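Asker: Residue numbers (the working numbering), protein chains in the order written: chain L, -1 to 197; chain S, -1 to 197.
Sending over a structure as structure tokens; questions will come in a sec.
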DNA sequence: TAAATTAGCGTACAGTTGTAAGCTCAAAAA
DNA sequence: TTTTTGAGCTTACAACTGTACGCTAATTTA
């Protein structure tokens, strides 16, 4: 097997090992290099052949999580285009994402308020993508002026993420309830922003 | 000096030491017993005379933080009663709180999405207080029916906490901007909820 | 084919952690 | 006054951490 390929594979198994460790009870700052290496099936010191630091691995994970988030947006837009109500479709898509990418979303949430300045900044950047895209979308579809569209988008994203945090470890029925409540609350924001733009 | 009093003092110095360690870069799960003991000026093993665990200390801290939060609410209500607009006064009071009790609010934020199930539950309980009080207040002052009042209150609290997280380490000018944006966004929610209650 | 590169390993070390065991000595109780 | 209690201490240990150093062996390059 080619050397390059093998290296990529090991790198992947390190990343996967890290994600698998980020369960309900662990954060990036609480997983150790040795632990990751153990799960990845390599010697602790071999870790350094792939990452300078645990921090460098952490940033890689945040990047991957951000990528997943952007794919989520794309998927939501596709679904919206084929009808079904913007808020409804978005919330449903988001909730599916949380279910399927449990640890990925958890990583973003935790590091968003976490202890590492670099990680926080990295997560914030990903959330900003969300804000910008949603602002643009709102302006394009409703004609709201940019300041109000931006306020609306930001409020919506914050609400969605907050509820996502709550839904993450909730039972299925509870998740349904949360989703329905979220839809109503998003409706509040949309209607309120509309009213503000009219006065 | 009385034995009882001395014990209370040491306990306090342990708690204070812990709070002082919870700066921008540390969370409850990342501070060690030995470190707390060092700052508190006692031997590591003496810690056990006061707390069973680091976790027991953690829960104590969350309790204290919750207490501070409830005092915040009381203060906000007092100020509102003496005029000045509910949203305006509340946001200003909240922002002052974040400034003055930096590490206290940081603790709540971090542990809200943190790695310890017990801590998360404890923080959630404190936030629930907020929700209930705000729901009651909304019902009493606007006559909104409970389901809508509750949705509104929950959305507002989530938005306030999210913005608080952002404001925590922001520069003073940025904090002002965040406060003004938050006020507008809260207005969206209030207006949206009002509209929902009318249809 | 011979030489160079490099992913991964084993060993090693100093630093940190939580906490068990038992001592001291001042305050409280008898 | 004598006895009991208990907050705080010192010492000790096993477990874990990150990472420096140098080796091996297989792939890649010359």
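Where is the CB? At the ideal position from N, CA and C, for every residue including glycine.
Quick caveat: nothing in here was measured; it's all calculated off a predicted structure.
The alpha helix (DSSP H) with residue 183(L) in it runs from where to where?
Answerer: Note, residue 183(L): alpha helix (DSSP H), 170 to 196.
Asker: I want to see whether chain L comes within less than 7 angstroms of residue 125(S), judged by CB atoms only; does it?
Answerer: By this cut-off, residue 125(S) is not an interface position.
Asker: Name the chain L residues that come within less than 8 angstroms of residue 182(S), Cβ to Cβ?
Answerer: In chain order: 149, 194.
Asker: Helix or strand or just coil, what does DSSP make of residue 22(S)?
Answerer: Note: residue 22(S) maps to coil in three-state DSSP.
Asker: Please list, in chain order, the chain L residues whose beta carbon lies closer than 7 angstroms to that of residue 157(S).
Answerer: Within chain L, the residues near residue 157(S) are 153, 156, 157.
Asker: Could you round the C-beta distance between residue 112(S) and residue 118(S) to whole angstroms and report it? I think they count as a contact, below 8 angstroms.
Answerer: Indeed they touch by this definition, with Cβ atoms about 6 angstroms apart.
Asker: For residue 113(L), decide whether its Cβ has a neighbour in chain S, counting only Cβ atoms nearer than 7 angstroms.
Answerer: Yes, residue 113(L) counts as interfacial toward chain S.
Asker: Just to make sure I have the definition right: I need the residues of chain L whose C-beta is within less than 9 angstroms of the C-beta of residue 188(S). Which are they?
Answerer: In chain order: 186, 190.
Asker: Cβ atoms of residue 153(L) and residue 93(L): under 7 angstroms apart, would you say?
Answerer: Going by C-beta atoms, residue 93(L) is not nearer than 7 angstroms to residue 153(L).
Asker: Note the first and the last residue of the continuous alpha helix (DSSP H) segment covering residue 140(L).
Answerer: Run containing residue 140(L): 115 to 140, per the alpha helix (DSSP H) assignment.
Asker: Could you have a look at residue 41(L) and say whether DSSP puts it in helix, strand or coil?
Answerer: In this structure, residue 41(L) counts as coil in the three-state DSSP scheme.
Asker: Evaluate residue 156(L) with the Cβ neighbour count: other Cβ atoms within 10 Å of its Cβ, from every protein chain shown; 16 or more gives buried, anything less gives exposed.
Answerer: Buried is the call here.
Asker: Distance, Cα to Cα, residue 85(L) vs residue 136(L)?
Answerer: Their Cα atoms are separated by approximately 12 angstroms.
Asker: For residue 148(L), tell me which candidate among 194(L), 61(L), 164(L) has the shortest Cα-Cα distance.
Answerer: It is 194(L) whose Cα lies nearest to the Cα of residue 148(L).
Asker: Could you list the residues in the region 17 to 48 of chain L with a C-beta less than 8 angstroms from some C-beta on chain S, going in chain order?
Answerer: For the region 17 to 48 of chain L, which is checked against every Cβ of chain S, the residues closer than 8 angstroms are 22, 23, 24, 25, 27, 28.
Asker: Please state if the CB of residue 95(S) and the CB of residue 132(S) are separated by a distance shorter than 7 angstroms.
Answerer: No; because the gap between Cβ atoms is not below 7 angstroms, this pair is not in contact.
Asker: For residue 138(S) and residue 144(S), I'd like the C-alpha separation in whole angstroms.
Answerer: Distance between the alpha carbons of residue 138(S) and residue 144(S) is about 10 angstroms.
Asker: If we cut at 7 angstroms on Cβ distances, does residue 108(L) have a partner in chain S?
Answerer: Answer yes: the Cβ-Cβ gap between residue 108(L) and chain S drops below 7 angstroms somewhere.
Asker: Give a yes or no on whether 7 angstroms exceeds the smallest Cβ distance from residue 197(S) to chain L.
Answerer: It does not; no Cβ of chain L falls within 7 angstroms.
Asker: DSSP three-state label for residue 80(L), please.
Answerer: Looking at residue 80(L) - three-state DSSP - the assignment turns out to be coil, as it is neither helix nor strand.
Asker: So, at 7 angstroms on beta carbons, what are the nonlocal neighbours of residue 46(L) in its own chain, with the 5 sequence-adjacent residues on each side left out?
Answerer: Around residue 46(L): no qualifying Cβ.
Asker: List the residues of chain L that residue 160(S) touches, going by C-beta distances under 7 angstroms, in chain order.
Answerer: Those are 156, 160, listed as they occur along chain L.
Asker: Pop quiz: residue 121(L) and residue 110(L) are said to be a contact at Cβ under 8 angstroms. What is the actual Cβ separation, rounded to whole angstroms?
Answerer: Right, their Cβ atoms sit about 5 angstroms apart.
Asker: Please classify residue 14(S) as buried or exposed, where buried requires at least 16 other C-beta atoms within 10 Å of its C-beta.
Answerer: Result: exposed.
Asker: Decide if residue 189(S) is buried, meaning its Cβ has at least 16 other Cβ atoms within 10 Å, or exposed.
Answerer: Buried is the call here.
Asker: Identify whether residue 166(L) lies in helix, strand or coil by the three-state DSSP scheme.
Answerer: If DSSP states are grouped into helix, strand and coil, residue 166(L) belongs with coil.
Asker: Smallest Cα separation from residue 98(L): which of 75(L), 140(L), 114(L), 166(L)?
Answerer: Closest by alpha carbon: 166(L).
Asker: Using beta carbons (cut-off 7 angstroms, strictly below), is residue 163(S) in contact with chain L?
Answerer: Taking Cβ atoms only, chain L reaches closer than 7 angstroms to residue 163(S), which makes this a yes.
Asker: So residue 63(L) packs on residue 106(L), CB below 8 angstroms; how close in whole Å?
Answerer: Going by Cβ atoms, the distance from residue 63(L) to residue 106(L) rounds to 5 angstroms, so yes, they are a contact pair.
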